[in-house]
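Residue numbers (UniProt numbering): 98 to 709.
From the three backbone atoms N, C-alpha and C, an ideal C-beta is built for every residue, glycine too.
Contents: one structure, followed by commentary.
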Amino acid sequence: ATILSTTTTTATTTQQHQQLNRPPITTRFPPEPNGYLHLGHAKAVSFNFAVARAYHGRCHMRLDDTNPSKEDEEYVKSILEDVRWIQRDMEPFDENDDEMAESGDNDMKEEEMGPWYGPVRKTSDYFHRIYNAAIYLIQSGEAYIDELSMEEMREYRGTLTEPGKESPYRNRPIEENLQLFQQMKEGVHPDGKYVLRAKIDMSSPNLNLRDPVLYRIKHESHQATGDEWCIYPMYDFSHPIADAVEGITHSLCTLEFEDHRPLYDWVAERMVKGGLVDCTPRQIEFSRLNLKYTVLSKRKLIKLVEESHVTGWDDPRMPTISGIRRRGVPPLAIRLFCERMGISKSDSNIDFGILEDCAREVLDENCVRAFAILDPLKVTITNWDGSSIEEFEVPRHPKRDDLGDRTVPFGKSVYIERSDFFDLDGPEGEANNNKVPAGFKRLLAGDKVRLKYAYVIRCDEVVRDASTNEPMELLCTVFPETRAGATPEGEARVKGIIQWVEATSAAKCQVMQYDRLFTVEEPGKESGDFTTDINKDSLKVMTNVVVEPSVAFDALKVISQIRNNSSSSDKIYHSDLAYQFERSGYYALDSTSTVSNLVFNRVVTLKDAWNV
Ligand code: ATP
Ligand code: MG
Ligand code: MG
98 ATILSTTTTT ATTTQQHQQL NRPPITTRFP PEPNGYLHLG HAKAVSFNFA
148 VARAYHGRCH MRLDDTNPSK EDEEYVKSIL EDVRWIQRDM EPFDENDDEM
198 AESGDNDMKE EEMGPWYGPV RKTSDYFHRI YNAAIYLIQS GEAYIDELSM
248 EEMREYRGTL TEPGKESPYR NRPIEENLQL FQQMKEGVHP DGKYVLRAKI
298 DMSSPNLNLR DPVLYRIKHE SHQATGDEWC IYPMYDFSHP IADAVEGITH
348 SLCTLEFEDH RPLYDWVAER MVKGGLVDCT PRQIEFSRLN LKYTVLSKRK
398 LIKLVEESHV TGWDDPRMPT ISGIRRRGVP PLAIRLFCER MGISKSDSNI
448 DFGILEDCAR EVLDENCVRA FAILDPLKVT ITNWDGSSIE EFEVPRHPKR
498 DDLGDRTVPF GKSVYIERSD FFDLDGPEGE ANNNKVPAGF KRLLAGDKVR
548 LKYAYVIRCD EVVRDASTNE PMELLCTVFP ETRAGATPEG EARVKGIIQW
598 VEATSAAKCQ VMQYDRLFTV EEPGKESGDF TTDINKDSLK VMTNVVVEPS
648 VAFDALKVIS QIRNNSSSSD KIYHSDLAYQ FERSGYYALD STSTVSNLVF
698 NRVVTLKDAW NV
C-alpha cells in the first residue's frame, strides 16, 4: 500500500492525463525467458497489472531476452501461457483504444495476444536502439572499451571499504573506442577480449557505479535474433532503455535492484539528453515473495527438474505457475493471494497455508460437489429389489442454484469410505481396546447411518476376509421411509451422514494426494544443499478410488473439449474441472487423464468435513 501511494501521487485517470498532456501510467512485466514462471513472478504480474488497471493505464508484456546462453523458445511459450492464465477473465486494456488502432498494434498474431497492452514486446526488438545508445555514450565520452581481464576488472573495482582503481584503458580516444566497438559488433574479437564500460566514477561508494560493463562479446545464437549479433547488452544498460522506449512510467522491480537505481537513472537521463527517447521512466522496488517449505528461484527449480526430484516443471508439487495450475489452484486464488500479501519493502517469508486458504475460499464458492470414495468398502442392501436403480436429483452446489443439479443413482450395491465404518468386533476394535473412538458417529455393526440424499441404512452383518479377519463387505437393511432426508415421526434422528457411490454405475479413477515438497521451512538453510531437504513422502497415489457417474461424464466432456480446442488465448485446462469431493477435499482433473484412466489431483483438503 505504501508503494501504491508513493508511486501514484501524480496518478490520475487516462482522461485527466490527456488533458494534462501526461502519459498514462504504464508498467511492464519483464521476465527473462530462462525458466518457467513461479509464484514469485505471479506477485510481480499481479502488481504490475493491478497498478495499471487501478490508474486506467497499461501494462506491457516484455520478454527480457538479452542473454542468449540460457534462453529458449520453450520458456517463451510457457511464460506467455502462464501470464494469460494468471490474468484470465480480467478486462483487457485494449478496448476502444484509438492510439492502438493508429499504431497498427492491433493487427496482432494470435500468439501475441493476451491480457497485456498491445503485442508481446522483446528487449531484443530494441537491440539496434541499444547499440545506438552505446555509440552515443562513446561519442559523448561517457563510455569506453576496456580490455582488462575478468580478474583484473574485479581487482580494480575495489570493495565496499576501498575505492576502485581506474582502468589504464579508461582514457582511450573516442575514435579508437568507436572503431573497437564496431569490430566487436562485426565479430572480429573472441568472447571476453573487450567490453564496453560506462565511464562514471571508480570511487563511488556504490559499486554499481564503478564503471559498469554495458556490452560484452558473446558468439552465440539468440533465440529471437539468430546470428545477427555477437555482442549483447547487460541488464543494467538495456533495461532502462527498453523501459524508456516503451514509455514505461513506473518500472517496478524487486529490492535487489535498489542499489542499481542510480545506474538506471544515469542511463535514462543520458538517453533523454541525447534525444534518443522522450520519456524518463522511474524504477521503484518492492520486496520479493518468499514461501516457506519451497524454493522460488529458477536456478533451483531447474535443478529439481533436471535431477528428476519431480516429474517436470508442471509437477503439481512445484511452486511454478504450471505446477500450481495443474494441481488445480484457480487463477483467482492466486490473484487473491497476491492481493492479501500486499506490497511492501520489507522481506517476508510467507506460509504456503495462506495460498491454500485462498484456494479453499475460491473453490468452495465455485466448485461443484460430488461423491467420491477413496478407499471403498462394499455395502450390500439385502432388502433392495434386485438390480433396480433409483435416481436422485441433487444440487451440484449447496448455495448456488445457477450451477444446477446432478443425478446420483442408488441401488442394491454401494461403496462407502472404509473409515466411515468402525469395526468394533474386528482387528480395528482390538487395536482400540474394544472401544468405539470418542465422538465417532458413523456406522457400526448393528447401528445406523444416513447415506446423504438417499436413505438411512443399518449394518446387520460384517463379511470378513478369512485370513485377515478384515471387513470385506457389509450386509445392510435400508429404511424406505427415510428417503431423501425424511425422518419418520417418533424415530430418533440418525446422527451420522456419510457419502457413498452406487457400485454398478461407479467410475474408477486415481487420486494423487500431495504434501509439501520440502521438510523444512527454508530448504538448504541449515544443510547447505536444498535437495537434501526434499520430502520423500510428498506424493501418495490412491488407485482404488470410485466416483459417481456425473464426474466421469463431466471429465469425458472436458477431455474431448481440450482435444478440439487449439486456441492459445482461450485455452481450457484439465484442472478447470474441479470438485469438492464431499467430506474429503477439493480435487481437479489431472492433465494425464485419458478416457479410460481418470486421474484427480487433490488441490487442498477441506477445513471442515461435516464434523461427524
Ligand atoms: P529468479 O531469481 O527465480 O531467476 P528473476 O528475478 O531472475 O527470478 P526474472 O525473469 O528476471 O526472474 O523476473 C521477472 C520479474 O519478476 C522481475 O521484475 C522480478 O523482479 C520479478 N520476480 C522474480 N521473482 C520474484 C519474487 N520471488 N517475488 C516477486 N517478484 C519476483
Ligand atoms: Mg532477472
Ligand atoms: Mg534469475
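Self-check item: Complete beta strand (DSSP E) runs within the stretch 367 to 397 (minimum length 3 residues, chain order)
Solution: 379 to 383, 386 to 388, all fully within the stretch 367 to 397.
Self-check item: Whether residue 527 touches residue 599 by CB criterion (9 angstroms)
Solution: Within the sequence shown, residue 527 is the residue found at index 430, counting from 1. Within the sequence shown, residue 599 is the residue found at index 502, counting from 1. Taking 9 angstroms as the Cβ cut-off, residue 527 and residue 599 do not qualify as a contacting pair.
Exercise. Figure out for me which residue from 605, 675, 429, 152 has the closest Cα to the Cα of residue 181.
Key: Position 84 of the sequence shown, counted from the start, is the residue given in the question as residue 181. Among 605, 675, 429, 152, the Cα nearest to that of residue 181 is on 429.
Quiz item: So what does DSSP say about residue 535, is it helix, strand or coil?
Solution: As a first step, residue 535 must be located in the sequence shown, where it is residue number 438. Three-state DSSP puts residue 535 in coil, outside helix and strand.
Quiz item: Hey, residue 129 and residue 179: beta-carbon distance below 9 angstroms or not?
Solution: If you number the sequence shown from 1, residue 129 lands on position 32. If you number the sequence shown from 1, residue 179 lands on position 82. Between residue 129 and residue 179, the gap from beta carbon to beta carbon reaches 9 angstroms or more.
Self-check item: Any 3 or more C-beta pairs closer than 8 angstroms across the stretch 604 to 623 and the stretch 483 to 496
Solution: In short, these stretches do not touch, since the Cβ pair count stays below three.
Quiz item: In its own chain, which residues sit with a C-beta less than 8 angstroms from the C-beta of residue 669, not counting the 5 before and 5 after it?
Solution: The residue given as residue 669 occupies position 572 in the sequence shown. Around residue 669: 655, 658, 659, 662.
Quiz item: So what's residue 64 in DSSP terms, helix, strand or just coil?
Solution: A question about residue 64 goes unanswered here, because the residues of the chain that appear run from 98 up to 709.
Practice problem: Buried or exposed for residue 274, please, with buried defined as at least 16 other CB atoms from any protein chain shown within 10 angstroms of its CB. | Solution: Indexing the sequence shown from 1 puts residue 274 at position 177. By the 10 Å Cβ count, residue 274 comes out buried.
Quiz item: For residue 525, which of helix, strand or coil comes out of DSSP?
Solution: Working through the sequence shown from its first residue, we reach residue 525 at position 428. Here residue 525 sits in helix by DSSP.
Quiz item: Touch check for the stretch 569 to 582 and the stretch 553 to 561: three-plus C-beta pairs under 8 angstroms?
Solution: The way I'd put it, the stretch 569 to 582 does touch the stretch 553 to 561; three or more beta-carbon pairs between them come closer than 8 angstroms.
Quiz prompt | When 596, 155, 299, 316 are compared against residue 546, the one with the closest alpha-carbon | solution = The residue labelled residue 546 in the question sits at position 449 within the sequence shown. Residue 596 is the option with its Cα nearest to residue 546.
Exercise. Whole angstroms is fine: what's the gap from residue 302's alpha carbon to residue 242's?
Key: Counted from its first residue, the sequence shown places residue 302 at position 205. Counted from its first residue, the sequence shown places residue 242 at position 145. Each residue's alpha carbon lies about 23 angstroms from the other.
Quiz item: Any residues whose CB sits closer than 5 angstroms to a heavy atom of ligand 1? List them in chain order?
Solution: Answer in sequence order: 128, 129, 137, 138, 140, 141, 350, 351, 385, 386, 393, 394, 395.
Exercise. Go ahead and pull the three-state DSSP assignment for residue 205.
Key: In the sequence shown, counting from the first residue as 1, residue 205 sits at position 108. In the three-state reduction of the DSSP assignment, residue 205 falls in the coil class.
Practice problem: May I ask which residues mark the beginning and end of the beta strand (DSSP E) holding residue 502? | Solution: Residue numbering aside, residue 502 sits at position 405 when the sequence shown is read from its first letter. Counting along the chain, the unbroken beta strand (DSSP E) around residue 502 starts and ends at 502 to 507.
Quiz prompt | Residue span of the alpha helix (DSSP H) that contains residue 654, given as start and end | solution = On the sequence shown, position 557 is the one that residue 654 refers to. First-last of the alpha helix (DSSP H) with residue 654: 646 to 661.
Quiz item: Out of curiosity, what's the CA-to-CA distance linking residue 423 and residue 688?
Solution: Stepping through the sequence shown from its first residue, residue 423 is reached at position 326. Stepping through the sequence shown from its first residue, residue 688 is reached at position 591. Residue 423 and residue 688: Cα-Cα distance of roughly 7 angstroms.
Quiz item: Per DSSP, what kind of secondary structure is residue 621 in: helix, strand or coil?
Solution: For this step, residue 621 is matched to residue 524 along the sequence shown. Coil, per DSSP.
Quiz item: What did DSSP end up calling residue 700 once you bin it into helix, strand or coil?
Solution: Taking the sequence shown and counting its residues from 1, the one referred to as residue 700 is at position 603. DSSP places residue 700 in strand when its eight states are reduced to three.
Quiz item: residue 295 lies in the beta strand (DSSP E); which residues open and close that run?
Solution: Sequence index remark: in the sequence shown, residue 295 carries index 198 (1-based). Residue 295 -> beta strand (DSSP E) spans 292 to 295.
Quiz item: Quick one: what's residue 469 bridged to in DSSP?
Solution: Numbered from 1 along the sequence shown, position 372 holds the residue referred to as residue 469. Answer is 644.
Practice problem: Return yes when at least one heavy atom of ligand 5 lies under 8 angstroms from the C-beta of residue 690, else no. | Solution: Summarising the ligand content, the structure contains ligand 1, ligand 2 and ligand 3 and does not contain ligand 5.
Exercise. Grab me the residues of residue 263's own chain with a C-beta within less than 6 angstroms of its C-beta, minus the 5 sequence neighbours each way, in chain order.
Key: As a first step, residue 263 is located in the sequence shown; it is residue number 166 there, counting from the start. These residues qualify, in order along the chain: 299.
Quiz item: Of the choices 699, 334, 253, 511, whose alpha-carbon is the least far from that of residue 457?
Solution: Numbered from its first residue, the sequence shown carries residue 457 at position 360. Closest by alpha carbon: 699.
Quiz item: In chain order, what residues of the same chain lie with their CB nearer than 7 angstroms to the CB of residue 214, ignoring the 5 residues before and after it?
Solution: On the sequence shown, residue 214 is found 117 positions in, with the first residue counted as 1. Cβ within range, chain order: 155, 156, 157, 190, 191.
Quiz item: Considering only C-alpha positions, which residue in the set 310, 471, 631, 576 is nearest to residue 641?
Solution: Within the sequence shown, the letter at position 544 stands for residue 641. Checked all of 310, 471, 631, 576; the closest Cα to residue 641 is 471.
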